[in-house]
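To keep things clear, I will list the structure first and then write my remarks on it.
Protein chains in written order, with my numbering: chain A, 1 to 350; chain B, 1 to 350.
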């Protein structure tokens with residue numbers, strides 16, 4: 001398996017991408033290709049590991065040299081069209097031409113979604129690809145949220161397709177037999193919510209069997225982290241609000257907890273024995289272990305890492321990438337969507 | 001000042017309402033009227049305090065006897081229309097006839113909003129009243145979120161009015177000079193978001209001066225708890241998602257933190273010295289100290305307490321009620337809206 005990594009994408013690139021790749025390399029069976037400016041990468045390697053030949057540091061990591069890079073301020077469509085030798089565009093092209101099995105980038109999100117849609121293309125029958133982000137939860141594998149921000153305005157059919165894709169991804173990546181899929185809503189009753197959720201509830205209920213979705217109904221944000229649901233579908237605006245709330249409350253908790261613990265010296269000292277417990281909690285709630293977010297609905301596997309990803313996030317994302325490819329979710333999605341199209345066409349003919 | 005309290009509303013009523021009132025009574029300068037079934041209240045008083053005469057327990061608490069109560073399952077409009085001697089309907093009537101200065105209830109939310117709108121009435125010029133909920137934040141007084149769930153589908157004009165009402169409430173209740181009002185969105189740039197937030201941004205920016213709003217632009221949920229914003233406006237669906245996310249993550253943190261701390265006996269013992277720090281954090285993050293949520297946009301002050309409110313929430317809500325009335329926010333809102341109507345009418349004539 002070959003994992004393509006945009007070495008230049010993200011706030012902490014290329015330091016974090018390089019370190020993450022070198023850390024993950026001995027633990028995975030794949031080859032990692034760092035896509036980016038070779039001279040910069042070599043300089044960094046020298047700085048971090050004392051030698052600039054990547055073969056000597058990790059034999060399953062290679063470099064693909066590129067000369068440009070897409071910046072956070074770039075206009076997505078313009079950048080994808082004109083920066084032809086950027087690490088991101090080259091990554092997509094390699095992915096398309098099957099020179100790699102999956103592409104990971106923490107670069108400009110808009111450009112990544114645009115690039116995936118334009119250069120890789122949507123799965124036939126999928127109206128809108130979406131971001132499937134993992135959130136911490138009491139569930140074994142966390143909670144998959146889709147769409148976490150790609151489509152700010154959605155129709156009920158989009159949510160039905162998100163539910164189908166999320167099911168296939170969760171099943172094939174984490175081995176959960178019939179993933180429980182909920183509709184993110186502000187009440188549990190069928191009649192609750194805004195126009196979109198009311199309509200989506202109906203369409204999800206009616207089509208659950210046909211689409212092979214284990215639809216468990218409306219789920220409120222106050223109950224979604226308790227491990228009773230595996231996948232949560234919603235429009236990208238609401239999903240992004242939920243995702244960023246988790247982040248925001250995380251920041252608040254971290255600050256408040258640290259403030260409380262370090263308020264005075266005496267208390268700091270007395271707190272030391274409990275630090276392992278608190279660290280364990282922090283680890284459990286740490287979003288970094290969940291890695292990147294797959295962009296589902298395009299023809300090849302793409303993982304979007306958070307712009308602020310550090311070394312550890314890239315490490316986890318590389319491991320996750322291997323699982324994603326092994327699960328073969330994209331082929332299974334393509335097949336499932338095709339089957340539904342056939343049934344629908346047959347019904348139309350009859 | 002007279003505070004009207006629906007003694008029968010909420011999952012823990014009347015135990016929690018009675019205990020909250022008796023706890024708050026010596027600390028406030030107002031009279032509290034417990035509205036509900038007198039025989040039940042007296043029985044509870046006997047059980048909790050050994051005597052059934054409320055005058056002997058707290059001289060500033062009185063009982064207003066009612067015979068019915070609105071249940072959580074009742075259809076709001078039907079209940080408000082037909083249960084004329086329910087604690088909620090009687091509370092609204094007393095509020096309207098100025099037999100009290102503010103009404104608090106943790107009963108059926110739909111009935112409470114319907115009752116406030118039908119029996120008390122909207123402020124002239126306000127299209128949609130909304131719920132203004134307090135969230136924990138690093139700010140001195142927390143963060144006011146409006147609308148937290150009353151209106152699932154909103155127009156930009158509603159958000160402008162929420163911003164105006166939230167400003168007036170925060171200023172008059174907490175003494176913050178020019179409350180910073182943000183628009184809840186999934187990006188900070190003007191062009192980010194869904195159709196509603198894009199339009200709302202424009203209308204807020206254009207009208208900020210006229211409406212006397214210190215509009216600070218888009219705020220993402222990941223930055224809203226850091227104390228850099230005093231009031232956050234959005235549609236009621238999004239607001240309810242944010243509100244319930246805070247609740248959900250709170251549950252998750254509580255469970256995970258407790259699990260981590262009590263994983264084994266040794267660790268539990270070693271954790272004891274740090275418990276004061278953790279308790280301090282828990283207190284800071286405890287939503288209960290923020291009391292109830294004012295329903296702003298109706299002609300008289302109404303506070304909605306969470307259905308699951310306990311004794312402590314009612315205690316804090318009663319104290320908050322006093323501040324709300326003292327701040328005179330409702331009269332100031334009415335005046336401010338009237339002024340804008342006059343300006344607009346004048347402009348139309350010209």
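Note that CB positions come from ideal geometry on N, CA and C, so glycine has one too.
Query: Continuous beta strand (DSSP E) stretch holding residue 207/B: start and end; Result: First-last for residue 207/B: 195 to 207, but that is the alpha helix (DSSP H), not the beta strand (DSSP E).
Query: First and last residue of the uninterrupted beta strand (DSSP E) at residue 180/A; Result: 180 to 184
Query: Close beta carbons around residue 351/B, own chain, < 7 Å, minus the five adjacent residues each side; Result: What is shown of chain B runs 1 to 350, which leaves residue 351/B out entirely.
Query: The stretch 27 to 37 of chain A in contact with the stretch 81 to 93 of chain A per 3-pair CB rule at 8 Å; Result: yes
Query: Selection from 253/B, 215/B, 110/B that minimises the alpha carbon distance to residue 131/B; Result: 110/B
Query: Which of helix, strand or coil DSSP assigns to residue 144/B; Result: strand
Query: Residue from 127/A, 33/A, 320/A, 54/A whose Cα sits closest to the Cα of residue 92/A; Result: 33/A
Query: Span separating the alpha-carbon of residue 234/B from that of residue 232/A; Result: 22 Å
Query: Buried or exposed by the 16-neighbour rule on C-beta atoms within 10 Å, applied to residue 134/A; Result: buried
Query: Classification of residue 302/A by the beta-carbon crowding that lies within 10 angstroms, buried from 16 upward; Result: buried
Query: Residue-chain proximity (residue 248/B, chain A), Cβ-Cβ < 8 Å; Result: yes
Query: Among 241/A, 224/A, 238/A, the one whose alpha carbon lies nearest that of residue 253/B; Result: 224/A
Query: Euclidean distance between Cα positions of residue 60/B and residue 324/B; Result: 19 Å
Query: Residue 4/B versus residue 337/B: straight-line alpha-carbon distance, rounded; Result: 27 Å
Query: Identity of the residues DSSP links to residue 130/B by a beta bridge; Result: 296/B
Query: Interface positions of the stretch 215 to 240 of chain B facing chain A (Cβ-Cβ less than 7 Å), listed along the chain; Result: 220, 221, 222, 223, 224, 225, 226, 237, 238, 240
Query: Residues of the stretch 176 to 197 of chain B with Cβ closer than 9 Å to any Cβ of chain A, in chain order; Result: 184, 185, 186, 187, 192, 193, 194, 195, 196, 197
Query: CB contact below 8 Å: residue 87/A versus chain B; Result: no
Query: 6 Å Cβ shell around residue 375/B - same chain, five flanking residues per side excluded; Result: Any property of residue 375/B remains undetermined from this structure, which presents chain B solely from 1 to 350.
Query: Uninterrupted beta strand (DSSP E) stretches inside the stretch 1 to 52 of chain B (no shorter than 3 residues); Result: 2 to 6, 31 to 36
Query: Distance between beta carbons of residue 297/B and residue 305/B, contact taken as under 8 Å; Result: 18 Å between Cβ atoms; not a contact.
Query: Neighbour flag for residue 144/A against chain B, beta carbons, 8 Å; Result: no
Query: Contact the stretch 186 to 206 of chain A vs the stretch 152 to 160 of chain A: 3+ CB pairs below 8 Å; Result: yes
Query: Whole-angstrom C-beta distance between residue 315/A and residue 23/A, which should lie under 8 Å; Result: 5 Å
Query: Backbone secondary structure at residue 65/B - three-state DSSP; Result: strand
Query: Test: residue 155/B CB closer than 8 Å to a CB of chain A; Result: no
Query: Proximal residues of chain B, C-beta to C-beta of residue 136/A below 9 Å; Result: 249, 252, 256
Query: Start-end ranges of the beta strand (DSSP E) lying completely within the stretch 81 to 105 of chain A, minimum 3 residues; Result: 102 to 105
Query: Where residue 242/A meets chain B, residues with beta-carbon distance less than 7 Å; Result: 241, 245
Query: Buried versus exposed, by CB contacts within 10 Å (16 or more), residue 175/B; Result: exposed
Query: Same chain only: Cβ atoms within 6 Å of residue 141/A, ignoring 5 sequence neighbours per side; Result: 174
Query: Counterpart residues of residue 215/B in DSSP-defined beta bridges; Result: 181/B
Query: Proximal residues to residue 308/B (C-beta, below 6 Å), its chain only, five neighbours per side dropped; Result: 11
Query: Backbone secondary structure at residue 222/A - three-state DSSP; Result: coil
Query: Residue 250/B in three-state terms, based on DSSP; Result: helix
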